[in-house]
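Note sheet for the following structure.
Numbering (the numbering used here), first residue to last: 18 to 133.
Structural data, given as structure tokens:
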């Protein structure tokens, strides 16, 4: 009977040890997961480009809502062209950042327009 009691005490101690070991491993895993989240790539925040030009296009289209399509296109052409120019400039600048000297250089005249 005494051996049986010692055996049950030993089993209880083993269970307690196993629980402690499990808790220790869980804490290690949680620490590793947290460290991994800290290393996760987060791109730098860049505000959206061309917001003023985009807003001008949207405002124009809203103002012209209900008008014939031809009139809307004609009335908003300047705003759309400015938005397209801005988007092209941003796209080109971003490509240059990724692959320097990958695009042919473009000279600009006094009005800021590309020249041949």
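Cβ coordinates follow ideal geometry from the N, Cα and C atoms, glycine included.
Excluding the five sequence neighbours on either side, which residues of its own chain have a C-beta within less than 6 Å of the C-beta of residue i, listed in chain order?
| i | result |
| --- | --- |
| residue 66 | 107 |
Quick one: using the 10 Å Cβ neighbour count with 16 as the cut-off for buried, is residue i buried or exposed?
| i | result |
| --- | --- |
| residue 146 | Given a span of 18 to 133 for the chain in the structure shown, any question on residue 146 remains unanswerable. |
| residue 100 | buried |
Roughly how many whole angstroms lie between the Cα atoms of residue i and residue j?
| i | j | result |
| --- | --- | --- |
| residue 54 | residue 88 | 53 Å |
| residue 70 | residue 79 | 14 Å |
| residue 102 | residue 46 | 51 Å |
| residue 96 | residue 104 | 12 Å |
| residue 72 | residue 51 | 41 Å |
Residue range of the alpha helix (DSSP H) that residue i falls in?
| i | result |
| --- | --- |
| residue 80 | 68–80 |
| residue 62 | Here residue 62 belongs to no alpha helix (DSSP H), and DSSP marks it neither H nor E. |
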